[in-house]
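Q: Handing you this structure, nothing more for now.
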Amino acid sequence: MRGLLRLVVVLLLLLVPCGCRSGMTVNTNARLTLAKPVQGRISTDLPPRRDSGPLQPMVVDSPPAPAVASTKIALIDVDGVLVNGNQVGPYSEGENPLALFREKLDAAAADRSIVGVVIRINSPGGGVTVCDMMHHELRRFKERTQLPVTAYIMEVGAGGGYYLATAADTIYAHPTALVGGIGVVLNLYNLQDAMGFVNVAVQQIKAGHNIDMGTSLRPLAPETAAMLQQMADDFHRRFQRVVVANRPAVPRDNPAVFDGRVFTAEQAQALGLIDQLGYLEDAISDVQSRSGCGPSRVVMLRRETDPARTPYAVTANRPPLDKLMPLSIPGLDRPDLPTFMYLWGIEPTGDRGGAK
């Protein structure tokens, strides 16, 4: 609800000046007086840009002494909402999740000392196309490298997060994780009354009756809703096919599995959605065992300005520096136009903060 309230407040702040019938004047005689001259230097340290050089392997775990490891297990982190675009907002890191995922896979494939990969997932999902592309990229990685790949779900592996996990050889989940969310959502907004409230009228020129289907400028017509529902059903069937093809133990005749709900890790295991309950070290041990190599170091692929010191490291939030008010309003910003999503638990505003 906080995201919805933020949307309403920001929208009114942006639109109220457009609807004012008369101007407003503010007079003040405030004055600032300094008792003594002030001398000194003011300096500002701005954080570096997110993309500061290529990815580097950073060791986050090593075998106990005296073992010396010459091989490595790559731990690739996938966090937040998955969209094809650089994240914008006060709680986003700035990188494109799809591009960064591909870059990490390429770095792992190029490093001959890497003998296996763990995909650490903590995501409710994301855009339909992005999640399918990430799934496709992981399958291509497996085919060309023949390395063992295990997916590990930490807190949430739902929607597109679970869609991605099905591309791995094995799926582990933390005992308290939420898994599933096999469904599709398209969030649309009717702002007609809100815009009328602040005296804003829309003037639209278009060719093609359905070119603006789903617009926020008027209520959704029944025939438009039917067309959009058909699209959602098509994407849902694709999701089901991916799950059935990659998780043969999942009961096809159980509608509860595919109705969009999430399950506890224990329930997910009973339904065949995952293979094992365990902790991150268990998933790493699984890859280590299947690699056929001795003890290995665990590395995360990060940029120089984004260090990782433990297997649980998450990229720190860094707001962008090029916007005074870095907010995104669905339907108004072109990169944030509504889209079909494999996404569980989305706020009405479609807040994408924290995505990587």
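For the sequence shown, the working numbering gives the first residue as 140, with consecutive numbering after it.
Ideal placement from N, C-alpha and C gives every residue a C-beta, glycine not left out.
Evaluate the contact criterion for the region 309-317 versus the region 267-283: three or more CB pairs, one atom per stretch, below 8 Å.
A: no
Q: Can the beta-carbon of A213 be found closer than 8 Å to that of V256?
A: Contact check for A213 against V256 passes: the beta carbons are separated by less than 8 Å.
Q: Beta-carbon separation of V323 and S262 under 8 Å?
A: no
Q: If we call anything under 8 Å between Cβ atoms a contact, is F397 one with L412?
A: no
Q: Pull up the CB-CB distance for V198 and V438, whole angstroms please, since I reckon it's below 8 Å.
A: 5 Å
Q: Are there 16 or more other CB atoms within 10 angstroms of the CB of P287, so buried, or fewer, so exposed?
A: buried
Q: So, is V341 buried or exposed, given that buried needs 16 or more other C-beta atoms within 10 angstroms?
A: With fewer than 16 other CB atoms across the displayed protein chains lying within 10 angstroms of its CB, V341 is exposed.
Q: By DSSP, does A306 sit in helix, in strand, or in coil?
A: coil
Q: Write down the C-beta distance between V382 and T454 rounded to the nearest angstrom, noting that I regard them as a contact closer than 8 Å.
A: Incorrect: roughly 29 Å between the Cβ atoms, too far for contact.
Q: Between K211, G224, I260 and A246, which lies nearest to Y418 when the distance is taken from Cα to Cα?
A: I260
Q: Could you say which of V220, D308 and V295 lies nearest to V269 if we only look at CA atoms?
A: V220
Q: Can you name, in chain order, every residue of its own chain whose Cβ lies under 6 Å from the Cβ of P202, other than the five neighbours on each side?
A: Result list for P202: A208 and P434, in chain order.
Q: Checking 8 Å against the spacing of the C-beta atoms, do G266 and G320 come in under that value?
A: Contact flag unset, no.
Q: V339 to M370, Cα distance in whole Å?
A: Distance between the alpha carbons of V339 and M370 is about 32 Å.
Q: Going by DSSP, what residues sit across from F402 in a beta bridge?
A: V318, per the DSSP bridge assignment.
Q: Say the cut is 7 Å; is the CB of V269 nearer than that to a heavy atom of the ligand COA?
A: The ligand COA is not among the ligands present in this structure, which contains no ligands whatsoever.
Q: Contact defined as beta carbons within less than 8 Å: I believe K211 pairs with R436. What is the distance between those atoms, to the nearest angstrom?
A: At roughly 5 Å, the Cβ-Cβ gap stays under 8 Å, so K211 and R436 are in contact.
Q: In whole angstroms, what separates the C-alpha of G299 from that of M480?
A: 8 Å
Q: Just how far apart, CA to CA, sit T354 and L327?
A: 8 Å
Q: Roughly how many angstroms lie between the CA atoms of G228 and G431, to the nearest whole one?
A: For G228, the predicted model reports a pLDDT of 49, less than 50, meaning its position is unreliable and no value from the coordinates is stated.
Q: Quick one: what does DSSP say N261 is sitting in, helix, strand or coil?
A: strand
Q: Is Y311 near D392, with beta carbons less than 8 Å apart?
A: no
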